[in-house]
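Everything on this sheet refers to the single structure shown next.
Numbering (our numbering), first residue to last: 1 to 111.
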């Protein structure tokens, strides 16, 4: 399966190890039971499948690559690409411009 180059701050070393362990012990993903992380006084129950889907990781990679390959140029997307304000805010901070939000409301004045 293809892996994507997305910024490291969207990844977690701990979660990466949990997912790698699950993949090694259940490569066909037949076991849908959650993973229990027992840290003593705190327990976390993690769903078998979570995180960015293939399409979202692809869109994030393309967006960051467009910004990286076109420094100083105006880069526009028709709308915020995912329902994740942290990702959208980070892209805006790096220079991405969105024409509209995910509801279709204009974010830019065309006058």
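Ideal placement from N, C-alpha and C gives every residue a C-beta, glycine not left out.
Asked, Found
"Backbone secondary structure at residue 75 - three-state DSSP", "strand"
"Contact under 8 angstroms by Cβ, residue 77 with residue 108", "no"
"Assigned secondary structure, residue 92 (DSSP; H/G/I helix, E/B strand, else coil)", "helix"
"Cutoff 8 angstroms; reference residue 106; Cβ partners in own chain excluding five residues on either side", "99 and 100"
"Beta-carbon proximity of residue 59 to residue 82, cut-off 8 angstroms", "yes"
"Expected contact under 8 angstroms - CB spacing of residue 35 and residue 22 to nearest Å", "6 angstroms"
"Buried versus exposed, by CB contacts within 10 Å (16 or more), residue 91", "buried"
"Pairwise C-alpha distance: residue 25 and residue 48", "13 angstroms"
"Cβ-Cβ separation, residue 15 to residue 57 (assumed contact under 8 angstroms), whole Å", "Rounded, the Cβ-Cβ distance is 14 angstroms, inconsistent with contact."
"Where the alpha helix (DSSP H) through residue 17 begins and ends", "13-25"
"Reduced DSSP category for residue 8 - H, G, I as helix; E, B as strand; rest coil", "helix"
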